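Chains A and B, in that order, are what the protein sequence lines are.
Start counting the first sequence at 1; every next residue gets the next number (my numbering).
Start counting the second sequence at 1001; every next residue gets the next number (my numbering).
Here's the structure we're looking at; comments come further down.
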Amino acid sequence: MAKRNKLEIMKDILAIIQKNNNNIKPTPLSRKSNLSSTRFKEYFLELTQKGFIKEINRENSNFISLTEKGFRFLERYKTIVNFIDEFEL
Amino acid sequence: MPRFAAHWAQMAFGTEVLYSFIIIACSLIIYFSTKEMEELSSYKGIKYFRKAFLFFALAYFFRTLIKFILSFFSVPRILDYSPKLLGPLSLFLFMYFSALAIFYLLYSVMWKKLDTNGKGIYFFHLLAIIIAIVSILSRNPLIYLGIQLFLFIFIFAIVLISYKTSRGKNNNIYKIYLLLFIFWILNILDILVPNFLQTFQMLLYIISCGVFLSILYKVVKKTGST
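In structure tokens form, the structure reads like this:
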């Protein structure tokens, strides 16, 4: 399997959240993202800082869901990748 | 100035303004239509690509200013224009933004190989400042030609290397980039060396517009902008 680049990993994490009805706990998200826990934490922090995901505390548990910007990223992901490919960026 | 010559000068300047308007508009549309993609992805290649076109727009603005001064004040060379500060300053900014536009576009293609924590781009800023300073201090057309030849060899080598690494992909963007670089260098020579391209000036304008419009077309097609 080819090594995933940063954009692809971000897309994968966001897509997992979306597939789980936009509502998933951090532990299953970390497991499904196929990343080491250190790398997952890095990506989790970056996605939160960029405003793609938010944490919601419900019934004493943390849930993660996508923000509007996160949905927009998923929507535009293919366009961004095609653009990078087309212009060899 | 005889009436015919004055009329001809006005027409030439009108063509120049139209040409600059097309290039500046194309560059700014490319810059703004890729804004959301950069914000969403924070991808360095897109960042450098966008900035390259912002610098093209700025360089063309100063190019038009220089042409305006040359045309309306009948100055043979921009460095001879008085008040003394405006000529060298506009030439400095034109050369600085021109060099940066070329370097940023190259960097957008090469950043993965050259990037050292994003600091590689500072080297190109330094190089652009040196080129701009040499351009205003030197009054020798041969030195101007030398600078452009240096830029061209530099660009050609990098484009060739990138082309070799991306062989096998069905993509002809390198041909467009190469054309853009060649015509950009001719555009610079058009400002630095008076009458260098007078005979082929219209051809230079048409091909330069064609190159920018084809890049704009590709960008709009890929970004889905309207």
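The beta carbon of each residue, even a glycine, is placed where N, CA and C say it ideally should be.
Note that this is a predicted model, so its numbers are computed, not measured.
(request) Quick one: using the 10 Å Cβ neighbour count with 16 as the cut-off for buried, is K1113/B buried or exposed? (result) Here residue 1113/B refers to the residue found at position 113 when the second sequence is read from its first residue. With fewer than 16 Cβ atoms within 10 Å of its Cβ, K1113/B is classed as exposed.
(message) So the candidates are S1033/B, G1014/B, K1044/B and H1007/B; which of them puts its Cα closest to the Cα of V1220/B?
(response) For the purposes of this step, residue 1220/B is identified with residue 220 of the second sequence, where counting begins at 1. When only C-alpha atoms are compared, the closest one is S1033/B.
(message) Among K1222/B, M1011/B, L1216/B and C1209/B, whose alpha-carbon lies nearest the alpha-carbon of F1021/B?
(response) Along the second sequence, one-based indexing puts residue 1021/B at 21. Here the closest residue by C-alpha is C1209/B.
(request) Mind listing the chain B neighbours of F63/A? Cutoff is C-beta to C-beta under 7 Å, in chain order. (result) Position 63 of the first sequence, counting from 1, holds the residue named residue 63/A. For the C-beta of F63/A, not a single chain B residue is nearer than 7 Å; the gap to the nearest is close to 23 Å.
(message) Quick check on I53/A - is its C-beta less than 7 Å from some C-beta in chain B?
(response) To locate residue 53/A, count along the first sequence from 1; it is residue 53. No, I53/A lies away from the interface with chain B (no Cβ there is under 7 Å from its Cβ).
(request) Decide if Y1016/B is buried, meaning its Cβ has at least 16 other Cβ atoms within 10 Å, or exposed. (result) Reading the second sequence from its first residue, position 16 is the one you call residue 1016/B. A quick correction: the sequence has Glu, not Tyr, at residue 1016/B. Flag for E1016/B reads buried.
(message) To the nearest angstrom, how far is the alpha carbon of Y1163/B from that of Y1174/B?
(response) Along the second sequence, read from residue 1 onward, the residue named residue 1163/B stands at position 163. Along the second sequence, read from residue 1 onward, the residue named residue 1174/B stands at position 174. Distance between the alpha carbons of Y1163/B and Y1174/B: 7 Å.
(request) Assign L1127/B to one of three DSSP states: helix, strand, or coil. (result) Translated into positions along the second sequence, residue 1127/B becomes position 127. In the structure shown, L1127/B sits in a helix (DSSP, three-state: H, G or I).
(message) If I measure Cβ to Cβ from K69/A and keep anything under 8 Å in the same chain, skipping five residues before and after, which residues do I get?
(response) Translated into positions along the first sequence, residue 69/A becomes position 69. Cβ within range, chain order: K50, G51 and F52.
(request) Would you mind sorting Q1148/B into buried or exposed? The rule is 16 or more other CB atoms within 10 Å of its CB. (result) Counting from one through the second sequence, the residue named residue 1148/B turns up at place 148. Counting of Cβ neighbours within 10 angstroms places Q1148/B among the buried residues, the total reaching 16 or more.
(request) Would you list the one or two residues that DSSP bridges to E55/A? (result) If you number the first sequence from 1, residue 55/A lands on position 55. Beta-bridge pairing links E55/A to I64/A.
(message) For the region 1103 to 1110 of chain B against the region 1043 to 1063 of chain B, do three or more pairs of beta-carbon atoms, one drawn from each stretch, fall closer than 8 Å, so that the two count as touching?
(response) By the criterion of at least three beta-carbon pairs nearer than 8 Å, the region 1103 to 1110 of chain B is in contact with the region 1043 to 1063 of chain B.
(message) Which residue wins for smallest C-alpha separation from W1008/B, given the options I1030/B, A1099/B, L1054/B and S1071/B?
(response) To locate residue 1008/B, count along the second sequence from 1; it is residue 8. The residue with the shortest Cα to Cα distance from W1008/B is S1071/B.
(request) Would you be able to state if there are at least three C-beta pairs under 8 Å between the region 1094 to 1104 of chain B and the region 1128 to 1136 of chain B? (result) Cβ pair count under 8 Å is three or more, so yes.
(request) Determine the closest residue to K1215/B out of I1176/B, L1137/B, Y1205/B and G1087/B, with distance taken between C-alpha atoms. (result) The residue labelled residue 1215/B in the question sits at position 215 within the second sequence. In the sequence as displayed, the identity of residue 1215/B is Ile instead of Lys. Nearest C-alpha to I1215/B among I1176/B, L1137/B, Y1205/B and G1087/B: I1176/B.
(request) Express the C-alpha separation of F63/A and Y1122/B in angstroms, rounding to a whole number. (result) Counted from its first residue, the second sequence places residue 1122/B at position 122. Counted from its first residue, the first sequence places residue 63/A at position 63. Per the coordinates, the alpha-carbon of Y1122/B lies some 42 Å from the alpha-carbon of F63/A.
(message) Counting only Cβ pairs nearer than 8 Å, list the residues of chain A close to T1049/B.
(response) One-based indexing of the second sequence puts residue 1049/B at position 49. The sequence given here has Phe at residue 1049/B, not Thr. Residues of chain A passing the Cβ test: F87 and L89.
(request) Check each candidate in E1039/B, K1044/B, Y1031/B and L1142/B and name the one with the smallest Cα separation from A1057/B. (result) Reading the second sequence from its first residue, position 57 is the one you call residue 1057/B. Closest in C-alpha terms to A1057/B, from the list E1039/B, K1044/B, Y1031/B and L1142/B, comes Y1031/B.
(message) Can you list, in chain order, the residues of its chain with a C-beta nearer than 8 Å to that of Y1019/B? Leave out the 5 residues immediately preceding and following it.
(response) The sequence position of residue 1019/B within the second sequence is 19, counting from 1. So the qualifying residues of the chain are Y1205, S1208 and C1209.
(message) Please confirm whether V1134/B has its beta-carbon closer than 7 Å to some beta-carbon of chain A.
(response) The count along the second sequence starts at 1 and reaches residue 1134/B at position 134. Closer than 7 Å to the CB of V1134/B there is not a single CB belonging to chain A.
(request) Might you give, ordered along the chain, the residues of its own chain that have their beta carbon closer than 6 Å to the beta carbon of K1044/B, omitting 5 neighbours on each side? (result) In the second sequence, residue 1044/B corresponds to position 44, counting from 1. So the list reads W1111, once near-sequence residues are dropped.
(request) Find the residues of chain B that neighbour I80/A, judging by a C-beta separation of less than 8 Å, and give them in chain order. (result) Numbered from its first residue, the first sequence carries residue 80/A at position 80. From the beta-carbon of I80/A, the residues of chain B found nearer than 8 Å are M1037, L1040, S1041, Y1043 and I1046.
(request) Taking only the alpha-carbon atoms, compute the straight-line gap between Q18/A and L66/A and give it to the nearest angstrom. (result) On the first sequence, position 18 is the one that residue 18/A refers to. On the first sequence, position 66 is the one that residue 66/A refers to. One C-alpha to the other measures close to 7 Å.
(request) Mind checking who I1147/B pairs with in its DSSP beta bridge? (result) Here residue 1147/B refers to the residue found at position 147 when the second sequence is read from its first residue. Answer by DSSP bridge pairing: none, since I1147/B is not bridged.
(request) Identify the contact partners of R4/A in chain B, using a Cβ-Cβ distance below 8 Å as the criterion. (result) In the first sequence, residue 4/A corresponds to position 4, counting from 1. Within chain B, no residue comes near R4/A; the closest Cβ sits about 15 Å away, beyond 8 Å.
(message) Counting only Cβ pairs nearer than 8 Å, list the residues of chain A close to F1108/B.
(response) Counted from its first residue, the second sequence places residue 1108/B at position 108. The identity of residue 1108/B in the sequence shown is Ser, whereas the question assumes Phe. Simply F87 and L89.
(request) Would you mind telling me which residues of chain A sit closer than 8 Å to G1224/B, beta carbon to beta carbon, in chain order? (result) Translated into positions along the second sequence, residue 1224/B becomes position 224. Chain A residues near G1224/B: T79.
(message) Among the candidates E88/A, N22/A and F73/A, whose CA atom is the shortest distance from the CA of E8/A?
(response) Position 8 of the first sequence, counted from the first residue, corresponds to residue 8/A. Of E88/A, N22/A and F73/A, the residue nearest in Cα terms is F73/A.
(message) Bridge partners for I24/A per DSSP, in chain order?
(response) Within the first sequence, residue 24/A is the residue found at index 24, counting from 1. Beta-bridge annotation (DSSP): I24/A is paired with I64/A.
(message) Comparing C-alpha positions only, which one of E1038/B, S1090/B, V1159/B and K1035/B sits nearest to F1061/B?
(response) If you number the second sequence from 1, residue 1061/B lands on position 61. Check the Cα spacing between F1061/B and each of E1038/B, S1090/B, V1159/B and K1035/B: the tightest is with S1090/B.
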